[in-house]
Amino acid sequence: MASENEPLLNSSRSARRSALEGTSEQLPSPAPALPAAPVDADEATELHDPRWAEYSGRPNALTRFRYVWREELAEAFGTALIILFGAGVECQTGLHYALNKDHAYSVGDPLMARFAWAAGVAMAVWMAGGISGGHCNPSVTIALWMYRGFPLKRVPWYIGAQVFGGAMGALLVYANYCYSIALFENGSGHALTGPTATAGMFFTFPQPWLPAFSAFFSEALASGVLIAMVFALSDRKNLPPPPGTMAVALFIVLLGIGSSLGVNTGYAINGARDSGPRIALWLVGYGNEVWTHNSWWWAWGPWAGAIIGGIAGGFAYDTCIYTGRDSFLNRPVGGRSNTKIDDNV
Numbered sequence: 001m002a003s004e005n006e007p008l009l010n011s012s013r014s015a016r017r018s019a020l021e022g023t024s025e026q027l028p029s030p031a032p033a034l035p036a037a038p039v040d041a042d043e044a045t046e047l048h049d050p051r052w053a054e055y056s057g058r059p060n061a062l063t064r065f066r067y068v069w070r071e072e073l074a075e076a077f078g079t080a081l082i083i084l085f086g087a088g089v090e091c092q093t094g095l096h097y098a099l100n101k102d103h104a105y106s107v108g109d110p111l112m113a114r115f116a117w118a119a120g121v122a123m124a125v126w127m128a129g130g131i132s133g134g135h136c137n138p139s140v141t142i143a144l145w146m147y148r149g150f151p152l153k154r155v156p157w158y159i160g161a162q163v164f165g166g167a168m169g170a171l172l173v174y175a176n177y178c179y180s181i182a183l184f185e186n187g188s189g190h191a192l193t194g195p196t197a198t199a200g201m202f203f204t205f206p207q208p209w210l211p212a213f214s215a216f217f218s219e220a221l222a223s224g225v226l227i228a229m230v231f232a233l234s235d236r237k238n239l240p241p242p243p244g245t246m247a248v249a250l251f252i253v254l255l256g257i258g259s260s261l262g263v264n265t266g267y268a269i270n271g272a273r274d275s276g277p278r279i280a281l282w283l284v285g286y287g288n289e290v291w292t293h294n295s296w297w298w299a300w301g302p303w304a305g306a307i308i309g310g311i312a313g314g315f316a317y318d319t320c321i322y323t324g325r326d327s328f329l330n331r332p333v334g335g336r337s338n339t340k341i342d343d344n345v
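If you read the sequence shown in full-length UniProt numbering, its first letter stands for residue 1, the second for the next number, and so on.
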C-alpha cells in the first residue's frame, strides 16, 4: 500500500527540504556553543556571557604575570602535552602488556606509541602555536634563532620553559601510573635497566649494541629531518599547509620519523622531551643514574645530537631551497639597507 509520503520520498532533495520547511515551525538557530565554534571574548551570545568585558581598572596580578610570560607558559604547556601523550602511551603499552601478558588481550601495540607521540606534538602545536610559535623543542628554538631571526635573548627562556613543561608532564604521567609501576616493579624499587625497569617509559636509551657514534648520528639524522620539514612547512614560497593545519602536517612528520628512524635511540630529537622526564624521575627517587647511564647519554644524544642535527637540517634546507632574506645564507653581498626586507611574503 502506497504511503501518503511517497511523493515526498520520490522527489528531489531540495523539494523534500522545501516541503519539510513548510510543515514545521522555524525556530531561531542557537548561538554557537563553545568550544566547537568559538566567539570573540567580548561578544555576548545566548551561550556566552562576557561578564567582565565592560569593566574598567588596572589588570589583576594574574593578567600582568601572563602578559610578561605568556609565550614561555605556552611553551611549557605544549611540551607538557607532548610528554603527557608520549610517556603516557609508553606506560600504557608497556605496563598493560606486562601486567596482562597471560591474558587474552593487552594494550601493547608499538604502533599505538608512534601515533600517540605524533598526536602529542600535534596537540602541542595547536596549544602553543598561535602564542609562542609552538617550538616545544630546544632544537627548533635554536634553529629558528640561527636561520629565522628568532631573538637570542628569548632562547634560554624558551628552553627553560620547555624543560620545565617536560618535567611537569612526566610528573603527571607518573602520578597517573604510579600504582601500576609499583605493581610491575614488585618491590624491587625503581630501576633503569633489568626486567622491572620503568625509566625507559619516560626518557630515551640507546640500544645496548649500538656504538656511541651511531647513537649520536641517529639522533642527529632524525632531528635534521624534523627541522628541515619544519622549515619547509613554514616556507610561504613552498607548499605550506592551510591555516590551522600545521599540527596535522607535523603529526604526519613525527609519525614518519618514529616509524622509520626511532628504534636505535627512541628518537628523542628534543632535549626537553628527554631531560624533563629525567628531572621528574630523579625527583621521585630513581637516583642519579638517570643522568650518568650510558656515559651521560642525555647530554650528547638528545641534546648535542639533536641540536647539531637540527642545525644541519636547517642548513640543508636553506642552502638548497629557501630564498627568504631572514636566513643568513641569503644575505645580499655588499651594501646595507635600513628598510626591513621580507622576501618570504
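Where is the CB? At the ideal position from N, CA and C, for every residue including glycine.
query                                                                                                                                                            : result
Along the chain, where does the alpha helix (DSSP H) that runs through Trp-296 open and close?                                                                   : 289-298
How long is the line joining the alpha carbons of Ala-197 and Tyr-177, rounded to whole angstroms?                                                               : 14 angstroms
Check whether the Cβ atoms of Gly-301 and Thr-265 lie closer than 9 angstroms to each other.                                                                     : yes
Roughly how many angstroms separate the alpha carbons of Leu-73 and Ala-122, rounded to a whole number?                                                          : 17 angstroms
Name the residue from Pro-243, Gly-189, Gly-133 and Ile-159 whose alpha carbon lies nearest to the alpha carbon of Gly-287.                                      : Gly-189
For Thr-45, which beta-bridge partners are listed by DSSP?                                                                                                       : His-48
Can you tell me where the alpha helix (DSSP H) with His-96 in it begins and where it stops?                                                                      : 61-99
Use the C-beta contact count for Arg-236: other C-beta atoms within 10 angstroms, 16 or more gives buried, fewer gives exposed.                                  : exposed
Straight-line CA distance for Asp-40 to Arg-70?                                                                                                                  : 19 angstroms
According to the neighbour-count rule (16 or more other Cβ atoms, all chains shown, within 10 Å of its Cβ), is Ser-24 buried or exposed?                         : Low confidence applies here, because Ser-24 scores a pLDDT of 48, under 50, leaving its location unreliable; read the following figure in that light. Exposed: under 16 other Cβ atoms inside 10 Å.
Of the choices Thr-93, Val-284, Gly-120 and Val-140, whose alpha-carbon is the least far from that of Ile-252?                                                   : Gly-120
If I follow the unbroken alpha helix (DSSP H) through Thr-141, where does it start and stop?                                                                     : 138-148
Which class does Asp-40 belong to by DSSP, given the choice of helix, strand or coil?                                                                            : coil
May I ask you to verify whether the region 167-186 touches the region 81-99, counting CB pairs closer than 8 angstroms and requiring at least 3?                 : yes
Relative to the C-alpha of Gly-94, which candidate in Ser-234, Ala-53, Arg-278 and Leu-183 has its C-alpha closest?                                              : Leu-183
By the three-class DSSP mapping on this structure, what secondary structure does Asn-264 have?                                                                   : coil
With a floor of 4 residues, list each alpha helix (DSSP H) that falls wholly inside the region 198-240, ordered by position along the chain.                     : 212-233
Give a yes or no on contact between the region 273-290 and the region 229-246, applying the rule of three or more CB pairs nearer than 8 angstroms.              : no
Please determine if the region 154-161 and the region 242-249 are in contact, where contact requires at least 3 C-beta pairs separated by less than 8 angstroms. : no
Once the 5 residues before and after Phe-77 are set aside, which same chain residues still bring their CB inside 7 angstroms of it?                              : Met-127, Ala-128 and Gly-165
Starting from Trp-126, trace the alpha helix (DSSP H) in both directions and tell me its first and last residue.                                                 : 110-132
How many angstroms separate the CA atom of Gly-133 from the CA atom of Phe-150?                                                                                  : 10 angstroms
If contacts are defined as beta-carbon pairs under 8 angstroms, then Ala-313 and Ser-223 qualify, I think. What distance do you get, rounded to the angstrom?    : Contrary to the premise, residue 313 reads as Gly rather than Ala in this sequence. Contact flag correct, Cβ pair sits at about 7 angstroms.
Does Ile-269 pass the burial test, meaning 16 or more other C-beta atoms within 10 Å, or should it be called exposed?                                            : buried
Measure the C-alpha to C-alpha separation of Pro-110 and Gly-334 and round it to an integer number of angstroms.                                                 : 54 angstroms
What separation, rounded to the nearest whole angstrom, lies between the Cα atoms of Arg-58 and Arg-64?                                                          : 9 angstroms
Alpha carbon to alpha carbon, how far is Leu-62 from Glu-46? Give it in angstroms, no decimals.                                                                  : 28 angstroms
For a test of the three-state rule: what should DSSP assign to Tyr-286, helix, strand or coil?                                                                   : coil
Rounded to whole angstroms, what is the Cα-Cα separation between Thr-292 and Ala-316?                                                                            : 33 angstroms
Taking the straight line between their C-alpha atoms, what separation do you get for Gly-130 and Glu-75?                                                         : 11 angstroms
For Tyr-174, which three-state DSSP category applies?                                                                                                            : helix
Classify Ala-161 as helix, strand or coil using the three-state DSSP reduction.                                                                                  : helix
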